[in-house]
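Student:
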Amino acid sequence: MSKQINYEMPAVDQAANRFEHHIRSMGFRDSTINDYVNRLRRYLAFCDTISPDLADAERFRDSLIDRRLSRSSINNYSFVMKNYHQMIGAPIKLPFLKMGSKLPYYFDENDIRAIFNAITNIKYLCVLQIGFYASLRASEVANLDDSDIDLINKTIRIRGGKNDKDAILYLNDICIDTLRKYLKVRPKKIIDGKQPLFYSNRNKRYDRTQIYNIFRRCKERSGITKPGGVHVFFRHSSATLLLNRGCDLLTVKELLRHRDIKTTEKYLHLTDSEKRTKHDRYLRL
Numbered sequence: 043m044s045k046q047i048n049y050e051m052p053a054v055d056q057a058a059n060r061f062e063h064h065i066r067s068m069g070f071r072d073s074t075i076n077d078y079v080n081r082l083r084r085y086l087a088f089c090d091t092i093s094p095d096l097a098d099a100e101r102f103r104d105s106l107i108d109r110r111l112s113r114s115s116i117n118n119y120s121f122v123m124k125n126y127h128q129m130i131g132a133p134i135k136l137p138f139l140k141m142g143s144k145l146p147y148y149f150d151e152n153d154i155r156a157i158f159n160a161i162t163n164i165k166y167l168c169v170l171q172i173g174f175y176a177s178l179r180a181s182e183v184a185n186l187d188d189s190d191i192d193l194i195n196k197t198i199r200i201r202g203g204k205n206d207k208d209a210i211l212y213l214n215d216i217c218i219d220t221l222r223k224y225l226k227v228r229p230k231k232i233i234d235g236k237q238p239l240f241y242s243n244r245n246k247r248y249d250r251t252q253i254y255n256i257f258r259r260c261k262e263r264s265g266i267t268k269p270g271g272v273h274v275f276f277r278h279s280s281a282t283l284l285l286n287r288g289c290d291l292l293t294v295k296e297l298l299r300h301r302d303i304k305t306t307e308k309y310l311h312l313t314d315s316e317k318r319t320k321h322d323r324y325l326r327l
């Protein structure tokens, strides 16, 4: 069990602030920087020191593996640890896990329906429907303003996504109907000079951690126990459903806004039942 960090500790705050400046110079987006700083805080909490050594780093990494976190998440922690140790003048070497070419898991159609059906809060339903039907990243959902929504043309505008490109994406009638109901009961708020689509009860714009937590709670309520967080739900699962229903790979690439179609090719997998159905349908005389 990791120890709870005392966020009031000046030493921890100073270490986190110094690390934030260190990685900001690398050109990362604000949402990525916030994620890395939070990962550092968890690492320092586990080690109970701002001057961990290689043994501490290896022990923390082993605990992540024992918790069966995704390879990408473990690699992100390793990146944070290596850069923090480099920053404090005590460089370490940590191996990065090899990323597979296929998805480890995804939510199928029954899982998706169960999760949506378990939601009773209109704001939570709107958050998850927009993320799923537009195949967004959590940070992109958090960054939406009212002005990005076009209810007439059933589109949303993404400003400065992962590849720093704006995009116009599509919503279906189900999502538009939920949006209308949500906007009808949600008071408009101006926060930092903008009108965010989603904000908390403390009148602050949602961040991606809050969206992660929303999905986690809705997934638990649905009774779905298979692994996978909000990114799996928004991106992996929507892409898989598109392909399984016959959408061509190039269109899926454009909808997910991948630079390289090889990234999209990892979604070309089918469940055993789907393989059996297609085998029986096509391999016959």
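All letters in the sequence shown, in the order written, are residues 43 to 327 by my numbering.
C-beta atoms are modelled at their ideal positions from N, C-alpha and C, and glycine is treated no differently.
Quick caveat, the model's predicted, so the values are computed rather than measured.
1) Note down the Cα distance separating Pro52 from Ile130, rounded to an integer number of angstroms.
2) What do you get for Leu239, buried or exposed, if any count of 16 or more other CB atoms within 10 angstroms of its CB means buried?
3) What is the rounded straight-line gap between the Cα of Ser114 and the Cα of Phe121?
4) Given Leu310, which residues of its chain have a CB within under 6 Å of its CB, disregarding the five upstream and five downstream residues?
5) In this structure, how does DSSP classify Lys261 when only helix, strand and coil are distinguished?
6) Cα separation between Asn243 and Tyr224?
7) Taking 8 Å as the threshold, find out whether the segment 157 to 165 comes into contact with the segment 88 to 103 through three or more Cβ pairs.
8) Per the DSSP calculation, Lys236 is bridged to which residue(s)?
9) Can you give me the start and stop residues for the alpha helix (DSSP H) that Arg101 sits inside?
10) Check the C-beta distance from Ile198 over to Ile172 and give it rounded, since I have them as a contact under 8 Å.
11) Under DSSP, the alpha helix (DSSP H) around Leu211 begins and ends at which residues?
12) Around the C-beta of Leu213, are 16 or more other C-beta atoms found within 10 angstroms, so that it is buried, or is it exposed?
13) Specify the secondary structure class of Arg199 as computed by DSSP and reduced to three states.
14) Enumerate in chain order the residues of its own chain whose CB-to-CB distance from Ala58 is below 7 Å, with the five nearest sequence positions on each side excluded.
15) Within 10 Å of its beta-carbon, does Asp190 have 16 or more other beta-carbons around it, so buried, or fewer, so exposed?
16) DSSP three-state label for Arg66, please.
17) Looking at Phe257: is its Cβ nearer than 8 Å to the Cβ of Leu170?
18) Short of 8 Å in beta carbon distance, which residues of its chain neighbour Arg103, apart from the five on each side in sequence? Order them along the chain.
19) So, at 6 Å on beta carbons, what are the nonlocal neighbours of Phe276 in its own chain, with the 5 sequence-adjacent residues on each side left out?
20) Write down the C-beta distance between Phe149 and Val294 rounded to the nearest angstrom, noting that I regard them as a contact closer than 8 Å.
21) Looking only at its chain, what residues have a beta carbon closer than 7 Å to the beta carbon of Val227, apart from the 5 residues adjacent to it on each side?
22) Do you know how far the Cα of Tyr166 is from the Cα of Ile218?
23) Check whether the Cβ atoms of Ser73 and Arg247 lie closer than 8 Å to each other.
24) Can you name the start and end residues of the alpha helix (DSSP H) that Ala156 belongs to?
25) Hey, how far is the Cα of Leu284 from the Cα of Thr91?
26) With distances taken from CA atoms, which of Leu111, Ile216, Asp77, Ser105 is nearest Ala180?
27) To which residues of the same chain is Pro133 closer than 6 Å at the C-beta, ignoring the five residues directly before and after it?
Tutor: Result, derived from the coordinates:
1) Residue numbering aside, residue 52 sits at position 10 when the sequence shown is read from its first letter. Residue numbering aside, residue 130 sits at position 88 when the sequence shown is read from its first letter. Cα to Cα, Pro52 sits roughly 17 Å from Ile130.
2) Position 197 of the sequence shown, counted from the first residue, corresponds to residue 239. The residue in question, Leu239, is buried, as its Cβ has 16 or more Cβ neighbours within 10 Å.
3) On the sequence shown, residue 114 is found 72 positions in, with the first residue counted as 1. On the sequence shown, residue 121 is found 79 positions in, with the first residue counted as 1. The straight-line gap from Cα to Cα measures roughly 10 Å.
4) Here the question's residue 310 lines up with position 268 in the sequence shown. Non-local C-beta neighbours of Leu310 in its own chain, meaning closer than 6 Å and more than five positions away in sequence, are absent.
5) Taking the sequence shown and counting its residues from 1, one reaches residue 261 at position 219. Lys261 sits in a helix when the DSSP states are folded into three classes.
6) As a first step, residue 243 is located in the sequence shown; it is residue number 201 there, counting from the start. As a first step, residue 224 is located in the sequence shown; it is residue number 182 there, counting from the start. Taken atom to atom, the span from the alpha-carbon of Asn243 to that of Tyr224 is near 15 Å.
7) When Cβ pairs closer than 8 Å are counted between the two stretches, the segment 157 to 165 is seen not to touch the segment 88 to 103, the count staying below three.
8) Within the sequence shown, numbered from 1, the residue matching residue 236 stands at position 194. For Lys236, the beta-bridge partners assigned by DSSP are Ile233.
9) In the sequence shown, counting from the first residue as 1, residue 101 sits at position 59. Note, Arg101: alpha helix (DSSP H), 96 to 108.
10) For the purposes of this step, residue 198 is taken as residue 156 along the sequence shown, with counting starting at 1. For the purposes of this step, residue 172 is taken as residue 130 along the sequence shown, with counting starting at 1. Taking C-beta atoms under 8 Å as the contact rule, Ile198 and Ile172 qualify, at a distance of about 7 Å.
11) For the purposes of this step, residue 211 is taken as the residue at position 169 of the sequence shown. Annotation: Leu211 is outside any alpha helix (DSSP H); the continuous beta strand (DSSP E) that includes it extends over 209 to 212.
12) One-based indexing of the sequence shown puts residue 213 at position 171. Leu213 sits buried, since 16 or more C-beta atoms from the chains shown fall within 10 Å of its C-beta.
13) Position 157 of the sequence shown, counted from the first residue, corresponds to residue 199. The answer is strand: DSSP assigns Arg199 an E or B state.
14) Along the sequence shown, one-based indexing puts residue 58 at 16. Contacts found: Val79, Leu82, Arg83.
15) Taking the first residue of the sequence shown as 1, we reach residue 190 at position 148. Buried, because 16 or more other Cβ atoms sit within 10 Å of the Cβ of Asp190.
16) Translated into the one-based positions of the sequence shown, residue 66 becomes position 24. Residue state, collapsed to three classes: helix.
17) Taking the first residue of the sequence shown as 1, we reach residue 257 at position 215. Taking the first residue of the sequence shown as 1, we reach residue 170 at position 128. A Cβ-Cβ contact shorter than 8 Å links Phe257 with Leu170.
18) Locating residue 103 in the sequence shown gives position 61, where the first residue counts as 1. For Arg103, where only same-chain residues beyond five positions count, the Cβ hits under 8 Å are Ile116, Tyr119, Ser120, Met123, Leu136.
19) Counting from one through the sequence shown, the residue named residue 276 turns up at place 234. So the list reads Gly173, Phe174, Leu178, once near-sequence residues are dropped.
20) Locating residue 149 in the sequence shown gives position 107, where the first residue counts as 1. Locating residue 294 in the sequence shown gives position 252, where the first residue counts as 1. Separation of the CB atoms of Phe149 and Val294 is rounded to 16 Å, and the pair is thereby denied contact status at 8 Å.
21) Here residue 227 refers to the residue found at position 185 when the sequence shown is read from its first residue. Here Val227 has Ile164 as same chain residues with Cβ atoms under 7 Å from its own Cβ, once five neighbours each way along the sequence are excluded.
22) To locate residue 218, count along the sequence shown from 1; it is residue 176. To locate residue 166, count along the sequence shown from 1; it is residue 124. When rounded, the distance between both Cα atoms is 14 Å.
23) Here the question's residue 73 lines up with position 31 in the sequence shown. Here the question's residue 247 lines up with position 205 in the sequence shown. No, they are not a contact pair.
24) Taking the sequence shown and counting its residues from 1, one reaches residue 156 at position 114. Unbroken alpha helix (DSSP H) run through Ala156: 151 to 159.
25) Along the sequence shown, read from residue 1 onward, the residue named residue 284 stands at position 242. Along the sequence shown, read from residue 1 onward, the residue named residue 91 stands at position 49. Taking the straight line joining both Cα atoms gives about 47 Å.
26) What you label residue 180 is simply residue 138 of the sequence shown in a count that begins at 1. Shortest Cα-Cα distance from Ala180 to any of Leu111, Ile216, Asp77, Ser105 involves Asp77.
27) For the purposes of this step, residue 133 is taken as residue 91 along the sequence shown, with counting starting at 1. The beta carbon of Pro133 is closer than 6 Å to those of His127 in its chain, skipping five residues each way along the sequence.
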